[in-house]
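Engineer: Can you read through this structure? Questions will come right after.
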Amino acid sequence: MKGIHPGLVLERELKKRNIAKGPFALSIKEFPQTLGAITKGRRNMNANLAYRIEEALGMEEGFFMVLQAYYDMKLEKEKHQSKAKPDLSRIRPILFWDTDFDKLDWTRQKRAIIKRIFDRGLLSEKKEMIRFYGTDVVREVLPRKNRSSIKKDVLCIGIR
Numbered sequence: 001m002k003g004i005h006p007g008l009v010l011e012r013e014l015k016k017r018n019i020a021k022g023p024f025a026l027s028i029k030e031f032p033q034t035l036g037a038i039t040k041g042r043r044n045m046n047a048n049l050a051y052r053i054e055e056a057l058g059m060e061e062g063f064f065m066v067l068q069a070y071y072d073m074k075l076e077k078e079k080h081q082s083k084a085k086p087d088l089s090r091i092r093p094i095l096f097w098d099t100d101f102d103k104l105d106w107t108r109q110k111r112a113i114i115k116r117i118f119d120r121g122l123l124s125e126k127k128e129m130i131r132f133y134g135t136d137v138v139r140e141v142l143p144r145k146n147r148s149s150i151k152k153d154v155l156c157i158g159i160r
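Residue numbers (the UniProt record's numbering): 1 to 160.
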């Protein structure tokens with residue numbers, strides 16, 4: 001459950017126990033709107049609220065705060081990964097003639113980027129994609145039939 005918003009877990013727990021959110025929120029002295037925002041993942045859970053929820057549901061103390069911490073770490077990790085870029089000196093911007101090369105999100109758009117590089121790129125650009133994303137990710141993105149057509153090109157860099 002690492003990386004899941006604690007509100008989503010709370011939502012599932014309340015449904016499982018057949019407890020309505022509004023009355024539950026009032027029973028723990030919280031505004032129903034606040035609890036609704038948390039269960040929809042739009043608001044984070046604080047320690048005070050987590051303690052009251054855990055106590056009311058008979059759950060282990062600190063459960064929701066641990067989930068919140070893991071969720072916060074996941075968001076930070078995603079933020080840093082979105083800033084990660086391959087060695088751009090090894091990739092020709094002309095490959096991405098239809099978009100602003102400087103605004104590519106190398107994490108979110110990895111599938112399209114890998115496909116474009118392996119369809120139209122040089123061997124050195126393909127090697128850079130494998131170095132940056134890793135063999136497993138590239139193998140996962142490329143369809144098996146495309147892998148065989150590039151096999152000659154890329155045999156020396158590990159795609160099979």
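All residues carry an ideal CB built from backbone N, CA and C; glycine is no exception.
With DSSP as the reference, label H5 as helix, strand or coil.
Structural biologist: Here the question's residue 5 lines up with position 5 in the sequence shown. Three-state DSSP puts H5 in coil, outside helix and strand.
Engineer: So, under 8 Å CB-CB, I28 and R43 are touching, yes? Tell me the CB distance rounded to an integer number of Å.
Structural biologist: Here residue 28 refers to the residue found at position 28 when the sequence shown is read from its first residue. Here residue 43 refers to the residue found at position 43 when the sequence shown is read from its first residue. The Cβ separation is near 15 Å, so there is no contact.
Engineer: With contact counted as at least three CB pairs below 8 Å, one residue from each stretch, are the stretch 82-91 and the stretch 50-66 in contact?
Structural biologist: No, the stretch 82-91 is not in contact with the stretch 50-66.
Engineer: Could you check what DSSP says for E76 in three-state terms: helix, strand or coil?
Structural biologist: Taking the first residue of the sequence shown as 1, we reach residue 76 at position 76. Note: E76 maps to helix in three-state DSSP.
Engineer: Given a cut-off of 9 Å, decide if E13 and M45 are closer than it, judged by their beta-carbon atoms.
Structural biologist: The count along the sequence shown starts at 1 and reaches residue 45 at position 45. The count along the sequence shown starts at 1 and reaches residue 13 at position 13. No, the pair does not count as a contact, with Cβ atoms beyond the cut-off.
Engineer: Could you tell me if F96 is buried or exposed, where buried requires 16 or more neighbouring beta carbons within 10 angstroms of its beta carbon?
Structural biologist: Within the sequence shown, residue 96 is the residue found at index 96, counting from 1. Answer is buried; the Cβ neighbour count reaches 16.
Engineer: Output yes or no for whether 9 Å exceeds the beta carbon distance between P23 and M65.
Structural biologist: In the sequence shown, residue 23 corresponds to position 23, counting from 1. In the sequence shown, residue 65 corresponds to position 65, counting from 1. No. Outside cutoff.
Engineer: Answer yes or no: do V138 and I130 have a C-beta to C-beta separation smaller than 9 Å?
Structural biologist: In the sequence shown, the residue the question calls residue 138 occupies position 138. In the sequence shown, the residue the question calls residue 130 occupies position 130. In this structure, I130 lies closer than 9 Å to V138 by Cβ.
Engineer: I'd like the span of the alpha helix (DSSP H) that includes T135, first residue to last.
Structural biologist: Locating residue 135 in the sequence shown gives position 135, where the first residue counts as 1. Run containing T135: 135-141, per the alpha helix (DSSP H) assignment.
Engineer: If you draw a straight line from the alpha carbon of Y133 to that of R111, how long is it in whole angstroms?
Structural biologist: If you number the sequence shown from 1, residue 133 lands on position 133. If you number the sequence shown from 1, residue 111 lands on position 111. In a straight line, the C-alpha of Y133 is about 10 Å away from that of R111.
Engineer: Taking E54 as part of the alpha helix (DSSP H), name the residues at either end of that continuous run.
Structural biologist: Within the sequence shown, the letter at position 54 stands for residue 54. Here the alpha helix (DSSP H) through E54 covers 47-57.
Engineer: Measure from the alpha carbon of L10 to the alpha carbon of each residue in I38, D119, S124, Q109, then state which is nearest.
Structural biologist: As a position in the sequence shown, residue 10 is number 10, starting the count at 1. For the residues I38, D119, S124, Q109, the minimum Cα distance to L10 belongs to I38.
Engineer: Can you tell me whether DSSP reads Q109 as helix, strand or coil?
Structural biologist: Residue mapping note: residue 109 aligns to position 109 of the sequence shown, counting from 1. Q109 falls in the coil class under three-state DSSP.
Engineer: On the criterion of 16 or more Cβ atoms from any shown chain inside 10 Å, does L26 qualify as buried, or is it exposed?
Structural biologist: Taking the sequence shown and counting its residues from 1, one reaches residue 26 at position 26. Label assigned to L26: exposed.
Engineer: Taking just the CA atoms, how far does G3 sit from F31?
Structural biologist: Taking the sequence shown and counting its residues from 1, the one referred to as residue 31 is at position 31. Taking the sequence shown and counting its residues from 1, the one referred to as residue 3 is at position 3. Whole-angstrom Cα-Cα distance: 26 Å.
Engineer: My output table needs one value for E61: the three-state DSSP class, helix, strand or coil.
Structural biologist: As a first step, residue 61 must be located in the sequence shown, where it is residue number 61. Residue state, collapsed to three classes: coil.
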